[in-house]
Structure formats: structure tokens, C-alpha cells
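Protein chains in written order, with full-length UniProt numbering: chain A, 1 to 313; chain B, 1 to 313; chain C, 1 to 313; chain D, 1 to 313.
Ideal Cβ positions, reconstructed from N, Cα and C, are used throughout, including at glycine.
Keep in mind the model is a prediction, meaning the values are calculated, not measured.
Please read the structure below before turning to the comments.
Protein chains: 4
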Amino acid sequence: MTALARLGHVALRTPDLEGSLHFFDDILGLDVVERDETVAYLRAWGDFEHHTVALISADEARIDHAGWRTRAPEDVDALGARLREQGVEVEEVPAGHEAGQGAALRFRTPGGLPYEIYHEVEKRPAPAGRRPALKTNSGRVWSHGVSPRRLDHINFVTPEVAAEEAWSQQMLGFSTRERALGADGSVHAAWLAVSALAHDLAIGRGPVRGSRGLHHVAFYVDNASDVLRAAELFIEHGLEPDHGPGRHAISQAVCLYVRDPASGHRVEIYSGSYVVLDPDWEPVDWTAEEYRQWWGAQPVRQADSPIDVVTPC
Amino acid sequence: MTALARLGHVALRTPDLEGSLHFFDDILGLDVVERDETVAYLRAWGDFEHHTVALISADEARIDHAGWRTRAPEDVDALGARLREQGVEVEEVPAGHEAGQGAALRFRTPGGLPYEIYHEVEKRPAPAGRRPALKTNSGRVWSHGVSPRRLDHINFVTPEVAAEEAWSQQMLGFSTRERALGADGSVHAAWLAVSALAHDLAIGRGPVRGSRGLHHVAFYVDNASDVLRAAELFIEHGLEPDHGPGRHAISQAVCLYVRDPASGHRVEIYSGSYVVLDPDWEPVDWTAEEYRQWWGAQPVRQADSPIDVVTPC
Amino acid sequence: MTALARLGHVALRTPDLEGSLHFFDDILGLDVVERDETVAYLRAWGDFEHHTVALISADEARIDHAGWRTRAPEDVDALGARLREQGVEVEEVPAGHEAGQGAALRFRTPGGLPYEIYHEVEKRPAPAGRRPALKTNSGRVWSHGVSPRRLDHINFVTPEVAAEEAWSQQMLGFSTRERALGADGSVHAAWLAVSALAHDLAIGRGPVRGSRGLHHVAFYVDNASDVLRAAELFIEHGLEPDHGPGRHAISQAVCLYVRDPASGHRVEIYSGSYVVLDPDWEPVDWTAEEYRQWWGAQPVRQADSPIDVVTPC
Amino acid sequence: MTALARLGHVALRTPDLEGSLHFFDDILGLDVVERDETVAYLRAWGDFEHHTVALISADEARIDHAGWRTRAPEDVDALGARLREQGVEVEEVPAGHEAGQGAALRFRTPGGLPYEIYHEVEKRPAPAGRRPALKTNSGRVWSHGVSPRRLDHINFVTPEVAAEEAWSQQMLGFSTRERALGADGSVHAAWLAVSALAHDLAIGRGPVRGSRGLHHVAFYVDNASDVLRAAELFIEHGLEPDHGPGRHAISQAVCLYVRDPASGHRVEIYSGSYVVLDPDWEPVDWTAEEYRQWWGAQPVRQADSPIDVVTPC
């Protein structure tokens, strides 16, 4: 079994904290759980951890880290020891350094991806006056903006996809769900999971790596029609989606991508994918000839985008 | 041809103007166009007239009037003259009495329904800073609350349905679309139109009449899924729908009813009905044995409701 | 007032009647009302006339005619007389020549568009064993294929858009809803209506005219999600949409275009547009700078397409 | 970790195999994988195992068994040994006895629920000519009927809910997600999972037990709008839903229940629930005072129903 249970949160550095809050709160519709002058913590109405997004004031827009929650408390140190054995530099983060969270470890993968592992986390209920109608939600549905149900997955670019995929399997217990192959048969992109989701992590070939390699962070909505509503909401706010609405062949998700204008970080509104309950899912490879988008708008190439990925499900 | 073109607006008296504004603005999602201390004018993002709802501060919750717009300017006085010939008392309302509107006439039908007819109206664009993405809308979609596209129809109860139906046809040019018959074959409720909508006006048998006889005002949303979203939004605001989500057989509409807690006025969120383009639509009668709801939640009987109608499409 | 009430039906010539029936019946989901070896008559479950589509076996794929129903029986001859006064050649079609239909007149517009006008038509109920659950439908919903509610509009290309628009207004009583202007300010495309729909007829600039100028025939579905379902259904049948799913700015419709592989005739699956109830709608012009698609997939250019239109709402 | 991975299939006895096939194939829209005169095997387009539903010709309508797939091949015998240690009678089913399946064990829970555990199963691709557009599906979407994505969960009634819940946890590794408590605080119904789904198994208090205690089998559709479409499709086929469309508080699912008229077995069309990725989900208890349906149609009491359950999510 894998030691990792799920993608727990994503911490993003932004040069304009107020601007990014406008996007993630007012437009995307996350709830602010806690904030001070340098960091804001947010979550969706179906997220239960203290936060699933942290926005950190910084000189430059970069991803700070992706936080992976382990299955058991002892998995954090056990995985840390294995990483150190492999020569990976591991940083200890004391409890409370990140609000609502216990002791954590941070490290970079061979592809440079900035990861955190942790287990202890506060599951704070909504404050009085903002309690949701249902006990199984942490916030109120449809209160503002897109109003996604929960954080879904993260997608990075990195120059060496096959190597990163293999390391993710061996060290972190990821399984491969699907792969897009290039014309030469090499792995162009891979979709990997530790949970039952179609994927928790995707990696695609790109010229950058590490904290500059974030392609997008995805948030789940219950219905394809909610993705269409998000498109109209974004456009009314002057934001132009750079991919979708459409439906990927890989992951089968109905998708829409837009960027926070204050930071350039891209988010995906995501619905309608599959879950994997079988223990013996075989990776599905799509050759360049086979690959197609199921339907909908193709990615827009943007001159000011640091990355360029063909199949960013 | 009928002299009336459409239901233009509905003016509602409320004992709690601030409370009703909270419902019609924050929860239902209409835009406030203009207001002072005693009256507020609102419209939906797809409404073009100055307002489609007026909320008037008053001692008691009642409908003030339903405003029917005529096809041509001269239709107002011509129809007024015909009404006076029939002995109907007609009140002249000077231009500007109702904001954004020209001279109008007010009268009561034989069933006591408080009507206004008018033609001249200001089609005010959205103020700078609130302009919509599309030139064919007057406001921004999905900016807050349910966010319906437009006012759709009005539904009254009155003791004598068949007589009111006949008068509405003869004097005002309404056509009957559908009728619900009681066990004795009498007309229990009728759905009538001057426009291409499935109905602009519905009348159902009930013990009250006139300005106390408002059953509901309906607002159109583009999709059935938008009706479901409205149900969740209402419940998060502590409002319990008293009918739906469901789909009527009569009108084929997907429906949801809820009441403004400040005034008790009921609104319907409405989608998916038919339009009638043929000039020779024959009224469709449903006997008590034939009548059914297509699917979904039946009406809830509420002890504090002044009216009780079996088939309030 | 206009003499025309609505677009009643579209008659299409196909070189492969069985193949086209497979598309319009099995895939699009229309019901076959009547057929013989050379012609098949179909309609949607919310259409009441004898047929809204006629498929005619022919050497070549062309539109045979667009059938416009008049408001009153006497409008047919009155309009015929006006056309002859203007020098238009008018052909008399006897009752029964087209199944289920009374006497009609056929003529070509100055742009060559092949029109028919008629009023008498049989409103045949569904045969026993295929009766729908609701009396206000002519067939069963969701029985097969896309299952649209009704025929919506027709779209032609023709070289002289402004001239055709003016003639359609003056002779046939169309009103202009919206127009797309080219960079030189000339009318590139126009959307026109005789009914309350956003448009019954669209004309766009193209190199061909007349019966070769059909761009598409549109069918209405109740929800945007039904358009997405249609995309998946088409792809499972091996058909690739050549535009959409997306949402036009002009008409605000959620759209999807695909071609019958047997004939090349293009159909649009269409939802979510507006209706016009006001008698004084002012045409909305979109300059080339202003024009945008609201969201979604752009048109695909196809080398084998006889026409090429930039804004085919 | 649990030994069970998921609900793999449900085998149902029916006194009218052809009639039940009409329901599960033509109306529900499952694909027939294999059949002979006494048994038919079906699956949904997103199911990969040989079958997820088996229909078995029999004298009486009962559930034959719920088939639970284990995580690893060796889990079958290991769990069988533990059951025998506890005095449970375990029946060995040879490979191939159920088409497409390896050796299995069958037993009854203390509440009498007829279970099968197995691991080996054939993942048969669709036959040529029925291949889906996407490699990650086993069949074509929207080909006929409701067309659900996959089997979701099973719901039983049994007299002793708390005892069955405890045994399911201890012996089979189920976790409790939510519970409905009666007025006396006792467990009225429990929703349990071995996978990441909101629940794989639900048990509610009822007077019957064992193979007569099936409340329903649920099938997942991607969107709430697909549930509404299913309601209309059922009604067109003369079937009246006995609960929904609506949305449960417990599980948050959009739901619709209807019964196969040939057997009386009830199916649920189910969408929009949550998944649980956290390893430390705490069971959520709803008291009788707290419990509510989120929105929509309440259950219909049917005189001919063998069971009567208040909260059958």
C-alpha cells in the first residue's frame, strides 16, 4: 500500500496577495479560513482539512509546495527516512509553521517538484453564522463564485517525465492510470494516483522544472453544467479561459482552465471523470495517433505562458 | 391580434422593504436598478426594461399591480377606452409615477386582479463598471444568487376561473394554452398567453381575489440544473421550498417555489417549458383523472398560506 | 404584422435516403411519421405539424425548400400575389403533394433561397403504442438518439447579405435581431425572425447561393447538458462535430454542429438562447472588433465543405 | 486494510428473465455481455469486469448474491478461513460457475445477507463493432436507455442494523460513513464503505432479512441532469419512480428510484455524492430531529412493497 493518502493542499506564492485573494475567494469561490498580512488559507465547501490552498505573499509567482497527506501519522517519518536513504535532502517543518497543521517534511523530487508530506491536520468546522445546511460539508454551497466541491489534483511540467513517473511509483507509491506517448513512443505525459481518483498528480513534458513547473491546480465541481457556468462567470470577470470547456479523452474529465491574473497560476474546473475502485487497473497508453480530445475547445497558446503542454488533463 | 405584448413587470408591496430586498437581490439575484426609501426597482440580467420587479414599502404584503406592456403606444388609450365602455374603472397614472415608465392605466379585472397597461419604458443600460460581457444582456450573468435570465409569468388565484378566463380572452386578447378541469368538469385552473411563452398568466381557483390573490411570480433560468442549484442555494439561506424541484405536466416546466420570508410573496424558478409559434394552438384540457405531475416534489401544504392551489404551474 | 408565423419544415434532398434516415432517425432521434421509397417525413417529439423534416431521394444533396407557415390561411395567396407583383416567379403546389400539407406556393428569394409558404397542415397524433406521457408532446422524449424538442431555425449562405436582409424585411416581414459586421462595416451575417425566437432565419456571406447555400438546420434541446450529451453520442457514432460545443455571443445559444455523413447536410444542436417578447427590439450590431464567441470550441475548417462562414450561429 | 476492494456485481433472481432484460437492457441501458436461456450477464459502459449485474431465471424474485471483489487473490481464501473460524458456513463456487469469474466463496452474514467474495475476473473488451470511442470505457456511452456509467452500491434492509454494522466492520473491514438514528438513539440505518465511495453498502432497519431484504441496487450517472432525464425516460416507459428525483442529505446524492416491473427489484439512479480520500473520516450521525432530505421528492409508500424504509439513500 502507498503511504500517501491524497493531495491535501497546495501552497502558492503570489506577488499580489490581495489580487490573488480576489481570484481564489470572489471568483473561484473558496472560503477564507484564516489569514494575516502575508498568508491566506482557503478551502472549498467540501474540503475538511484546515485549508486546501495557501496563498503566500512573495516576490515572485511560484508554487511553494504540494502537500501530500499520509495514511497514518507514522508514515511521515518512515517516508522521510526512506527519502534520506536515497540521498534526498529533507527539511523538517515544525507543527504550526503552516496554520492548522502538525509537523511536516519537505523535499524536492528528482524532477524538482516541491513536495510536503504531513498527517496531523486540524479539521475546523465553519464558524457560527456560516454553518452549512449539511453536516457533511465544511461550508455553504453556491455562496459565491464558481463554488467547487473540493480540491482535486495537481499538474506539473518537468523535462524528464518517464524518470519522474518511475520515481513517483517507487518512492511514493503512485500508480499510473494513463499515459500520452509522443511520436517516438516516449512518455510525453503521465497521470498518477495514490487515491481512487482518476489522478492526484499529472506530469507533462515541459522546459521548466521545480517550483516554476506548476501547470495547474484542479478543483472538482459536481456537474458538467457547473463547468459551463464557470466559463460564463470567468468571462464576466474579464478572464479568458485558455482551454475548454471541453472534455478530455484522458481522465474523461469535463474541463476549463483559467489563470489568476494577479499571479498567473492556472486553475482547472474539473468534473465528470472516473474513479478507480479496482486494485488491478492497468495503465492505459495513448499513442500520438490515438490521442484525441473527446470534445470541446482546444488549448490556447499564450505567448506569455512559461510552459506549453499539449495534453494537460 | 392582441393589444398586449407581454408581462412587463410586477409591483409588490412589502411590510419589510430591506428584508424583501435581501431576498430579491442577494438570494434571487436580481440587480437593483434604482431605489429610494419607499420603493426599489430591480431586473434580471436578461431583462431590458427599466425594471421587471418593483418592491414598494407598505403596511401589508400584497401585489400592487401586474404591468402588461402593449404592442404599440396607441394601444394603451385604445384599450382604456374599451375598458371604460365595459364599465371598468380606469385610473390614469402619469409618466414618471413609476420610475422609468411613461403614462399608464390601472384597473381591476372582474376577478379583482390589479393590472396596469403601459407602453413607454426606459431601456436603461447597465452602469459603467457593471457592463455585461454580451451586448444582448442588461446585466452580468451569475453575479450573485440564483441569477435568473428574466421575468417569465404571473399566477393568481381567484374564485371564478372560467369567467376570468373568458374576460381575459375577450377584453385583453389572451389565448388559452392549457386548462385543468375539476372532477365536475369545471375549469379549475387556466394558463393563458399573449406572447409566444407557454403562458404569461395563470389563474387557479382559490378563496381569495384581487391583490391578495397572487400565487407566485416566475423567473426563467436556462437549464433544469439551474433549478436544482437554486434549491440548494435557498436551503443554505434557511428557506424551504414549498414545491419542487419537479416538472409540471402542464407547461412542461421544471419548477421550484419558495417564499420571500420578509413578505410571504412566492416566486417560482422556472425552466424548460415550451414556446408556441403556431397561430392555431388548440387549448389542451386535462381532466382530474388525466392530470399528473411529470416528476418531482409535490406542493407542500403550509398552514400559514392564505391560498391553496392544486396545480400551480 | 408579418404574414409568416414560423419556420414549419425543411425539405432536404439526399443521394442516400437510407443513410440520411440513419442519421436523422437513429442518431439525431427524430421520429419517422410517414415514408415511401423516395421520401421520408420526420418530426421531433415537441413538433406538432405532420413533419418538420422531409428527406427526398435525389441525385445530389441540396436543400429542396424551407417551408414557412403563414399566420392565416388567406396569407398564402395574399403573399403570393405580392410576390408576383414584384416579378417573383411563384410555383403552385397542390394540396397533398407534400404529405400532410395543404396547397402551397414555392419561390426563390433574390438571393436564390428556395422557400415554400403554406398554412394548412395535418397535426397528426402519435400512433397507438407510441403515445407520449404528456398530451402536449407529439412523441416520446428520450426514445432514441439526441432527441431534440423541436425544429428551431435555418441558416443559409448567400453572396449579398444586406440585400437579402432588406428584401426579407420588406416582402416577408422579418425583423433583424443581430448583425455581424465585417471590417469594412458591411453586413457579414444577419439573424432574422418572424416569431419570438432569437431567430428563425440566419444568412451569412458565402460564395454559393440558392439550394446549394444551406449552412445548417437547427434543432432545439432544453438544456446545455443535452448539447454535451449530443457531442458524445455523435462521436460514439464516428461523427466529428465541426463546431462546438460552445456558446455563441450572437443569439447566446449553446451550440454543436455535425454533418449527416450520407448527405453532408449540417445540423445544429441548439439550446439556451433568448426569446424576444418586446415589440420594439432594436437590431444589435457587432463590429469585427467586438465580436467574440462567448465560450467553447471554434468552427473547424473542412476542406470538403462547400461553404465557409465565420459566425454561423 | 480491508480485504475487500469493492462491490463487483449483483446477481438477481427474476421470475421473468425476458421482462427483466427489457428493463435492465432497453430501459436502464446496460449492455448484455453474455447470456443463455437461464442467465444473462450485463454491465454499464464504464464497468470493466465481465459483468456487474447477473439476471438469473428463478421461481421467485430475490437477490441471489452481492459479489465483493477482494484486493488480492489470496484474500479470498484468507477471508474464507476467518469466516469459518467464526462458525460461518462458507460455500465454495468453482471457477466458471459464474461466467467470466474465478473461484469464489459464498456465505450469509449474521443478518442473512447473501454475499460472494472473489478476485479473479475476466475484463473482456467490447466486441468488434461495439468498441467505444474512448479506451477507458468498456462500452459506448448513451447508446440506449438511461446509460449509467457504472454500478455504484447496494442497499439492504435487515432487522438488526447495529449488529450487522459491527460485524461488517470487524469481519469484512467496512468503515461507517454516516448513520441515521431513530428517536431512541438506536441505529436506524448505516452507510458503509470499503472503497473511496461515499458508501458501497447501506443497511436499513426492515422486517425482512437475507435474500428478501434487497432494498435497491444503485447505478452512477455523471450529472444531476442525467437523473432528471432518467425520470422522464422511466415515465415514458410507463414506470413510476417511487422516490425522487431528489437529493439526500446523507451521501449528498441526487437520486431516483424505480422498480423493474418484471421482478420488483428496485434500482437507484445516483449522482453527485462525495468521495472520501481521507484515512480518518469520522462517522457522521444524524438524529431523527436533524435528519432531512436536502431537496426533492420524498419516498412513495407502495402497498405492494415488501419493505418500508425511511431513509434509503
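Using a CB distance cut-off of 9 Å, B:SER225 counts as an interface residue toward chain A. What D:TRP142 touches in chain C, judged by beta-carbon distance under 8 Å, is ARG229, GLU232, LEU233 and GLU236, going in chain order. For C:LEU172, the enclosing alpha helix (DSSP H) starts and ends at 161-172. Membership of C:VAL227 in the alpha helix (DSSP H) is indicated by the continuous run 224-236. A Cβ of chain C is located within less than 9 Å of the beta carbon of A:VAL254.
Assignment of A:ASP184 by DSSP, reduced to helix, strand and coil, places it in the coil class.
Membership of D:ALA5 in the beta strand (DSSP E) is indicated by the continuous run 4-14. Closest by C-alpha distance to B:ALA66, out of B:PRO132, B:LEU30 and B:ILE117, is B:ILE117.
Proximity of chain A to B:ALA288 at the Cβ level (cut-off 7 Å) is not reached, the minimal Cβ distance being about 36 Å.
With a beta-carbon spacing of about 4 Å, D:ALA231 and B:TRP295 fall inside the 8 Å limit used to define contacts. Neighbours of D:ALA297 across chain B, judged by C-beta separation under 8 Å: GLY246, TRP295, GLY296, ALA297 and GLN298. With contact defined as three or more Cβ pairs closer than 8 Å, the stretch 231-248 of chain B and the stretch 193-204 of chain B are not in contact. Distance check between A:GLY19 and each of A:HIS237, A:ASN137, A:ALA224 and A:LEU192 places A:HIS237 closest, using alpha-carbon atoms only. For C:LEU83, the enclosing alpha helix (DSSP H) starts and ends at 75-85. Assignment of D:GLN252 by DSSP, reduced to helix, strand and coil, places it in the helix class. Taking a C-beta cut-off of 9 Å against chain C, the contacting residues of the stretch 40-62 of chain B are GLY46, PHE48 and GLU49, listed in chain order. Residues of the stretch 107-137 of chain C that bring their beta carbon within less than 8 Å of a beta carbon in chain D comprise PRO132 and ALA133, in sequence order.
DSSP places D:GLU18 inside the alpha helix (DSSP H), whose first and last residues are 17-21. One Cα belongs to C:ARG84, the other to C:VAL93, and the distance between them is close to 15 Å.
Of the residues B:ARG69, B:ALA99, B:PHE107 and B:GLY102, the one whose Cα lies closest to the Cα of B:ALA81 is B:PHE107. With its beta carbon at least 9 Å from every one in chain D, B:PRO207 lies outside the interface. The C-alpha of C:ALA58 lies about 26 Å from the C-alpha of C:PRO159. With three or more CB-CB distances shorter than 8 Å, the stretch 142-150 of chain A counts as touching the stretch 25-37 of chain A. Below the 7 Å Cβ cutoff, chain A contributes TRP295 as neighbours of C:PRO241, in chain order. With its beta carbon less than 9 Å from one in chain B, C:SER195 belongs to the interface. The alpha carbon of B:GLY87 has as its nearest neighbour, out of B:ALA78, B:PRO110, B:GLY102 and B:ARG71, the alpha carbon of B:PRO110. According to DSSP, residue pairing for D:ALA44 in a beta bridge does not occur. Distance between D:PRO127 and D:VAL39, taken at the CA atoms: about 20 Å. Nearest Cα to C:GLN101 within the set C:ASP222, C:PRO261, C:GLU91 and C:GLU122: C:GLU122. By the CB criterion at 9 Å, B:ASN223 and A:SER225 fall inside the cutoff. In the structure shown, C:ASP285 falls within a strand segment according to DSSP collapsed to helix, strand and coil. If you draw a straight line from the Cα of B:SER263 to the Cα of D:ALA44, it is about 49 Å long. Within the same chain, Cβ atoms closer than 7 Å to the Cβ of C:GLU60 are found at ARG13 and PRO15, the five residues on either side in sequence being excluded. Distances from the CA of B:ARG6 to each of B:ARG229, B:SER175 and B:HIS248 were compared; the closest alpha carbon is that of B:SER175. Proximity of chain C to B:ASP16 at the Cβ level (cut-off 8 Å) is not reached, the minimal Cβ distance being about 31 Å.
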